[in-house]
Structure formats: C-alpha cells, structure tokens
Amino acid sequence: PTQPYDNANIFAKILRGEIPCNRVYEDEWALAFEDINPQAEIHTLVIPKGAYVSWDDFSARANAEEIAGFVRAVGMVARDKGLVEPGYRLLANTGVHGGQEVPHLHVHLFGGQPLGPMIL
Ligand code: 5GP
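Taking the UniProt record's numbering, the leading residue of the sequence shown gets 5, the next gets one more, and so forth.
Here's what the structure looks like:
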C-alpha cells in the first residue's frame, strides 16, 4: 500500500465500537452505516472489517473470502434498502486525486433519488 494502515482512523474506531455509528448492516466481513454528512436521500458507507487503507490496498492484499464477503455485503445493503429496482450508485474514492478523506476502505452507496449523470 501507498501508506501504512492507521489504527486511529475514524472508521477503525467505529469498527472497535469506540465511537458510535448509525449501523444498517453487519456481518463477518463488513459493516455498513449511514454517512454523517449525507449527499443524497440515501448515503450509506460500507466498509470491510479488515484493516485496509483503500480500494488499492484491499484489491491487492485481501484474500478471496474477504473480497467476496465485502462485495456481497455491499449488494445486500442495497437490496435491504430496496434500491435494486430504482437503482443506485457506488463510489470508492481512492488516494489523493480521488479525494479520499478517511484511510479505511469504504464504498459509498447513494440512492433514494434520481442521481443524474455521473459527475466528478
Ligand atoms: P471519503 O471522502 O473518504 O470518500 O469519504 C468519507 C466519508 O465519511 C464522508 O462522506 C464523510 O461524511 C464520512 N464521515 C466522516 N467521518 C464520519 C463519522 O465519524 N461517521 C460517519 N458515519 N461518517 C463519517
């Protein structure tokens, strides 16, 4: 990875239960909770339970079980929220150019409204 994993990042603290979150889904591989500053009617974050900085780190180091578990969890959250028929958007900001602020991999799940064309 481009940077070592920082155990003090805010999502690590959420995973350890040190700070609260509005949890919507949890299993062996993933935790999902509502974004504290929502950018759409539905704005949920899904994070792997393992210590991965980013999409790059996860895709390079995670084992097949972790990857499958995480990908399935993202789909599960979208289904649980009834987003399959209307549709939704996934986003994983990565690194400096990606504008990633929290250095624990998270996938943004947006929905609940027409999101329009993809914007940067
Ligand atoms: P990034 O820019 O890293 O892709 O997105 C980080 C996201 O985490 C932002 O949408 C921000 O609102 C959200 N966020 C930051 N701190 C917290 C927090 O303490 N709790 C929750 N639920 N979301 C947070």
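Glycine included, C-beta positions come from ideal geometry on N, C-alpha and C. Computed from a predicted structure; not experimentally measured.
Following a CB-centred definition, is residue i positioned closer than 7 Å to any heavy atom of ligand 1?
| i | result |
| --- | --- |
| G103 | yes |
| E69 | no |
| N41 | yes |
| F74 | no |
| I14 | yes |
| F62 | no |
Assuming residue i and residue j are in contact, meaning their beta carbons sit under 8 Å apart, how far apart are those beta carbons, in whole angstroms?
| i | j | result |
| --- | --- | --- |
| V81 | Y29 | 5 Å |
| L19 | R27 | At roughly 11 Å, the Cβ-Cβ gap does not stay under 8 Å, so L19 and R27 are not in contact. |
| L109 | P52 | 6 Å |
Sorted by chain position, which residues of the same chain lie with C-beta nearer than 6 Å to residue i's C-beta, five sequence neighbours on each side aside?
| i | result |
| --- | --- |
| G54 | E70 |
| N97 | G103 and Q104 |
| P10 | For the record, residue 10 in the displayed sequence is Asp; it is not Pro. Taken in chain order, the residues that qualify are P107. |
| V78 | V50 and V111 |
Exposed or buried, what is residue i when buried is set at 16 or more other beta-carbons lying within 10 Å of its beta-carbon?
| i | result |
| --- | --- |
| G115 | buried |
| D61 | buried |
Per DSSP, which one or two residues make a beta bridge with residue i?
| i | result |
| --- | --- |
| L49 | F37 and H112 |
| Y29 | A36 |
| L124 | None; L124 has no bridge partner. |
| L95 | H112 |
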